[in-house]
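**Student:** Counted from 1, the sequence shown has number 1148 at position 95 by our numbering; the numbering is strictly sequential. For each residue, glycine too, the CB sits at the ideal point set by N, CA and C.
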Amino acid sequence: MAKKFFYCFCILLLINSFAKAQPDLTPPAIQYVTAVSSTKVDILFDEPLDNNSANIFSNYLANNGLGMPVSARTDAEKHSLVYNTYENRSGGRNRDCRK
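1. Between which two residues does the alpha helix (DSSP H) containing residue 1105 stretch?
2. Less than 8 angstroms between C-beta atoms, sequence neighbours within five positions excluded: which residues of the same chain meet that for residue 1111?
3. From residue 1104 to residue 1132, what does the alpha carbon distance come to, in whole angstroms?
4. According to DSSP, simplified to helix, strand and coil, what is residue 1116?
5. For the beta strand (DSSP E) that residue 1137 lies in, which residues bound it at each end?
6. If we ignore side chains and look at the alpha-carbon of each, how far apart do residue 1089 and residue 1138 end up?
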């Protein structure tokens, strides 16, 4: 009886580790973007993001003169929501990020 239990337990562990090893090959898709102010933009994705990559500000680029944010952070509870903060460029010349 102990051998059967041990054998079944090992099979379950193997199946569980195999299932976790499958990479997520589908990138997250943007659900919506909200301009909260002239320097803050919220982005909601269709799935939770990995904080290590989602909080890297250089992973984002906005057009209409915003460029790259100065900070990016995921929401503490909803990991599919990212808050981006951009430099205030109201007094200077904005570059066109679409070029």
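**Tutor:** According to the structure shown:
1. Reading the sequence shown from its first residue, position 52 is the one you call residue 1105. 1104-1107 is the extent of the alpha helix (DSSP H) around residue 1105.
2. Mapped onto the sequence shown, residue 1111 falls at position 58. Cβ neighbours of residue 1111 beyond the five flanking positions: 1121.
3. Here residue 1104 corresponds to residue number 51 of the sequence shown, with the count starting at 1. Here residue 1132 corresponds to residue number 79 of the sequence shown, with the count starting at 1. Taking the straight line from one Cα to the other gives about 8 angstroms.
4. Here residue 1116 refers to the residue found at position 63 of the sequence shown. Three-state DSSP puts residue 1116 in coil, outside helix and strand.
5. To locate residue 1137, count along the sequence shown from 1; it is residue 84. Segment 1134-1138, the beta strand (DSSP E) holding residue 1137.
6. Reading the sequence shown from its first residue, position 36 is the one you call residue 1089. Reading the sequence shown from its first residue, position 85 is the one you call residue 1138. If you take the alpha carbons of residue 1089 and residue 1138, they lie about 10 angstroms apart.
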